[in-house]
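Chemist:
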Amino acid sequence: MVHRQAPATTYRATFDRARQEPEAFWLEQAQTLDWHTKPTTALDYDGQSQWKWFPDGQLNITYQALDRWVAEGRNDQPALIWDSVMTQQKITYTYAQLLDQVARLAGALRNQGIERGDRVLIYMPMIPEALIAMLAVARLGAIHVVTFGGFAPKEIATRLDDAKPKAVIAANGGLEPSRTVRYLPNVAEAIAMATHQPEVVIVKQRGEIDDRIAEFDASWLDFDEQRSTSEPVDAVPVAATDPLYFLHTSGTTSKPKAVIRDHGGYAVAAAWSVPNIYDVAPGEVMFVASDVGWVVGHTYIVYAPLVAGATTVMYEGKPVGTPDAGAFWRVAAEHGAKMIFSAPTAYRAIRAADPTGEQWKRYDMSKLTNIFSAGERLDEDTYHWLGKITGKPVVDHWWQTETGWPIAANLRGLAPMPLKAGSPSVPVPGYDVGVVNPLGEPVEPGTEGNIVIKLPLPPGAMVGLYGEPERFHLSYLAAFPGYYETGDTGYIDDDGYVFVLGRSDDVINVAGHRLSTGTLESVIAEHPAVAETAVIGVNDGLKGQKPVAYVVLTADANISPEQLAKELVAKVRKDFGAVAAFRDVDVVSALPKTRSGKILRRTMRSIVEGEDVAAPATIDDAGVLDTFAVQATRWES
Ligand code: COA
Ligand code: AMP
C-alpha cells in the first residue's frame, strides 16, 4: 500500500485538508453513511460557542449501526460477542439478532411512553443488555444517560435530578471478583433521594444474582418480559444535531458536567476513526476492555464498531485474577481480535502479575496488530515492557469524555508513523491542536503550556453541556477565545508529536477513572469532625494516581485519626462509590492557602511527592506551609 511507504506525507496531507477545508473534508466522510436525508451543509458555526455539524441532515445512528448492515447482507456476521469470565458465559449476537433485540426493546420503551427527546438513565454492568438498552433508547430518538456501575446512590440521584429521565433501565447487579454489587438497593435509594422521579423502572434480572424486583418495588418492570412481548420498531429519523446521549464527567466542582453528544457528527467520527485510527475493517474484531459507563465504552465498545460494520467484544472481568494475567490475551486470541484497547493501569496490573509475559506466550496472537492505551499517560516503563513482551506496536492515544474520540493518535490505518515513548503521537485530522501560555500566546515547540484546540471542534466532539450553556462557555471556551481549553498541560515537539503531562485543574485520574477532587471533598466535609479538607491526587505505581485527603479537625472534635480515617473511607465508599479507591487520610493542623483563600493544592502535592518547593508569592502564611511539610505523609514514587 502506498501510504505505508510515505506515512508522514499521507498523514500531513489528510491533516492539512481537514484543517484547511474542514467542511469539504467532513462532508466527504459523511457520504460513507446511509442518511435518511443527506446533509448539503457540513457546518453551522456562530464563530463563538455554538457549532452544529450537518445541520440539515437526518439519520439515526442505530440505523447506521444495525439496519444498514443487515440490509447489506451482514445478517449472520457477529456484531457483539459477550465474554463473561464472571459467569463463565459466552454469547454471540449476529447483526440480525442484535437488530431484533434492540428493535424489540425500543418497542417496549415506546409502549411505556418514551419518545424522541426523552431521557433514559441506564445503570448496568458489562452485560449485552446494557448495549441493547443504549441502542434501543437511541433508536427512538431518546437520549441515554449511562451511569457507571461503581457509583453510589448519591451519584445516581445527581444524574436523575440533572437529566430528569422519564425511565430508568437497570440490572439487578454486577459481579466484582470479591463481591456481588447489588444494584437495586442503589436504584431504590437514589430514587428516594432525588427530587425528580422517573415514571418507569425496567430491571434486567440476572439469574446469577438473587435480588428480585418485588423486594424493592413491585411496580418495576422486567426487562426480559418487556423485550420478548413487544413488537420491533423502526429507527426514528432525527436531526443529525439531535442529542444522542449525555455523559456526565468530573469537573472542578462537585456537580458533574453532562457532556452532550449528537447523532450525526458522532456517527461520522465513528465511521472515520475505526479504519483510520484503529485499522479495523468491516467484519474484523475490536476488543476494547473498558466499561460502558465511560466514554471509551460508549464510543468503542458500543457505537463505533457497529457503525463501522465490525464485531465488538464486550468483556465482563478484570485484567488479572479472573482467573489470571492472561485474561485479556485469551479473550483477544479466542475471538480473533485485530486490536485491543485498555488503560495503562490495566497493563500495569498485568505486568505486576506476569512480569515476563508468560501468559502472552500461551496464545495465538497472530491476528492482533496493535495494542492501544488511553485514559491516562502511558508511562515509558509500561510502554517498553508491553512492546517487549508482545512484539506488537503499543499505541498511546489521548482523548477525553468531551471529545468522544481521540484528539491525538498514531493513525494505524491511515498512516502509521514512528511511535515515541511518552507521546500519544500526532493530532488527529479534525483536531487543530496547539499549546499556549497563560496569556493565550502560542509557545515554541518543546515548551510546556496549556493544550488547546482551535474551534470549532470536529464532528463527534461535545456540542455543549446539558442545561448549562454558561458553564460550557466558562469551563472550556472563555480562557482562550477561539480555542477549546482541554484542561491538560503538555508540549508539542519539533516533529509535531504531542506530549500530555497532566491536568491544569483539580481533576484527578485514578485507575483510568476521572474523578473530581471537589466531589470527594464535599463528601468528606460533611463529617462532623472535619472543619476543612483538601483532596489531592498523588502518584501511585498501579493506579496512576490515588486520592489522599488532608483534613483539619474542628476545635471540638474528639476522635482519633485512625477512627476518623475509617469513618471517612466508609463514607466516601457509601456516598460516592468504591471506584474512588479512597483509603488515605492525613490529619494536619492547617491547609496552606493564598491570601485570597485558595488552597494551594499543587504546592501541597509537590511537597508530599518529595519535590523541593518554594513558597508561592501569593501565600497567606508561609508558616502554615512549613508545618504542613512536617506533618504530611510523603508519597514518593
Ligand atoms: N461496579 C461496582 N464496583 C466497581 C466497578 C463496577 N463496575 N468497577 C470497579 N469497582 C470497584 C472495585 O470492585 C473496587 O472495589 P474494592 O475497593 O472493594 O476492591 C473499587 O471499585 C476500585 O476499583 P478499581 O480501582 O477499578 O480497581 P479494580 O481492582 O477493581 O480494577 C482495573 C483494576 C485496572 C481492572 C480497573 O481499574 C480498570 O479496568 N481500569 C480501566 C478503567 C477504564 O477503562 N477507563 C477508561 C479509559 S480506557
Ligand atoms: P476522561 O474524560 O475520563 O476520558 O479523562 C480524560 C483525561 O484523561 C484527559 O483530559 C487526560 O487528562 C487524561 N488522559 C486520557 N488519555 C490520556 C493519554 N493518552 N495521555 C495522557 N493523559 C490522558
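The letter at position 508 of the sequence shown is residue 508 when you use UniProt numbering, and the numbering goes up by one with no holes.
For each residue, glycine too, the CB sits at the ideal point set by N, CA and C.
(1) Determine which residues share a DSSP beta bridge with Gly502 and list them.
(2) Let me check one thing: in DSSP terms, what residues is Ser373 bridge-paired to?
(3) Is it true that the CB of Glu380 sits closer than 8 Å to the CB of Gly434?
(4) I need the DSSP call for Arg179, collapsed to helix, strand or coil.
(5) Does DSSP put Trp82 in a helix, a strand or coil?
(6) Leaving aside the five residues before and after residue 704 along the sequence, list all residues of the same chain whose C-beta is less than 6 Å from its C-beta, in chain order.
(7) Less than 8 Å between the C-beta atoms of Ala240 and Phe216, yes or no?
(8) Quick one: Cα of Gly487 to Cα of Gly449, how far?
(9) What residues match up with Ala171 in a beta bridge as DSSP calls it?
(10) How about the segment 351 to 366 and the segment 303 to 313: do they share at least three Cβ pairs that are nearer than 8 Å?
(11) What's the gap between the Cα of Gln631 and the Cα of Val587?
(12) Going by Cα to Cα distance, which pick from Asn539, Thr489, Pro528 and Phe499 is closest to Val510?
(13) Considering only residues of the same chain and omitting the five flanking positions on each side of His3, which have a CB-CB separation below 6 Å?
(14) Does Ser516 come out as helix, strand or coil in the three-state DSSP assignment?
(15) On the three-state DSSP scale, how would you describe Thr9?
(16) Would you call the segment 563 to 570 and the segment 602 to 612 touching, i.e. three or more CB-CB distances under 8 Å?
(17) With Gln89 as the anchor, note down where its beta strand (DSSP E) starts and where it stops.
(18) Can you look up Phe472 in the DSSP assignment and give me helix, strand or coil?
(19) Just how far apart, CA to CA, sit Lys318 and Ala327?
(20) Under the three-state reduction of DSSP, which class applies to His298: helix, strand or coil?
(21) Between which two residues does the alpha helix (DSSP H) harbouring Tyr123 extend?
(22) Given a cut-off of 8 Å, decide if Arg261 and residue 641 are closer than it, judged by their beta-carbon atoms.
(23) To the nearest angstrom, how far is the alpha carbon of Trp360 from that of Asp162?
(24) Using CA atoms only, rank isn't needed, just tell me which of Ala337, Ala170 and Ala96 is closest to Met286.
(25) Measure the CB-CB distance between Ala531 and Leu553 and report whether it falls below 8 Å.
(26) Return the chain-ordered list of same chain residues with a C-beta closer than 6 Å to the C-beta of Gln101, the five sequence neighbours on each side being excluded.
Modeler: Working from what's here:
(1) Within the DSSP secondary-structure output, Gly502 pairs in a beta bridge with Thr489.
(2) Beta bridge pairing from DSSP links Ser373 with Ser342 and Asp396.
(3) Against a cut-off of 8 Å, the Cβ pair of Glu380 and Gly434 comes out as no contact.
(4) In the structure shown, Arg179 sits in a strand (DSSP, three-state: E or B).
(5) Of the three classes helix, strand and coil, the one that applies to Trp82 here is strand, per DSSP.
(6) Since the first residue shown for the chain is 1 and the last is 637, residue 704 is missing from the structure and cannot be characterised.
(7) Not a contact, by the Cβ cut-off of 8 Å.
(8) Approximately 10 Å between the Cα atoms of the pair.
(9) Paired residues: Lys204.
(10) No, they do not touch.
(11) Going from the Cα of Gln631 to the Cα of Val587 covers about 8 Å.
(12) Answer by Cα proximity: Asn539.
(13) Because His3 sits at a pLDDT of 40, beneath the cut-off of 50, its placement in the model cannot be relied upon, and the following sentence gives the value as read from the coordinates. Result list for His3: Thr10 and Ala415, in chain order.
(14) It is a strand residue.
(15) Three-state DSSP puts Thr9 in a helix.
(16) Not touching, per the Cβ criterion.
(17) Taken as a continuous stretch (DSSP letters only), the beta strand (DSSP E) holding Gln89 covers Gln89 to Thr94.
(18) Under the three-state reduction of DSSP, Phe472 is assigned to helix.
(19) Each residue's alpha carbon lies about 7 Å from the other.
(20) If DSSP states are grouped into helix, strand and coil, His298 belongs with the helices.
(21) Counting along the chain, Tyr123 falls outside any alpha helix (DSSP H), though it belongs to the beta strand (DSSP E) covering Arg119 to Tyr123.
(22) What the structure shows of the chain is the stretch from 1 to 637, and residue 641 is not part of that stretch, so it cannot be assessed.
(23) Near 45 Å, if we compare the C-alpha coordinates of Asp162 and Trp360.
(24) When only C-alpha atoms are compared, the closest one is Ala337.
(25) For Ala531 and Leu553, yes; Cβs fall inside 8 Å.
(26) The beta carbon of Gln101 is closer than 6 Å to those of Ile132 in its chain, skipping five residues each way along the sequence.
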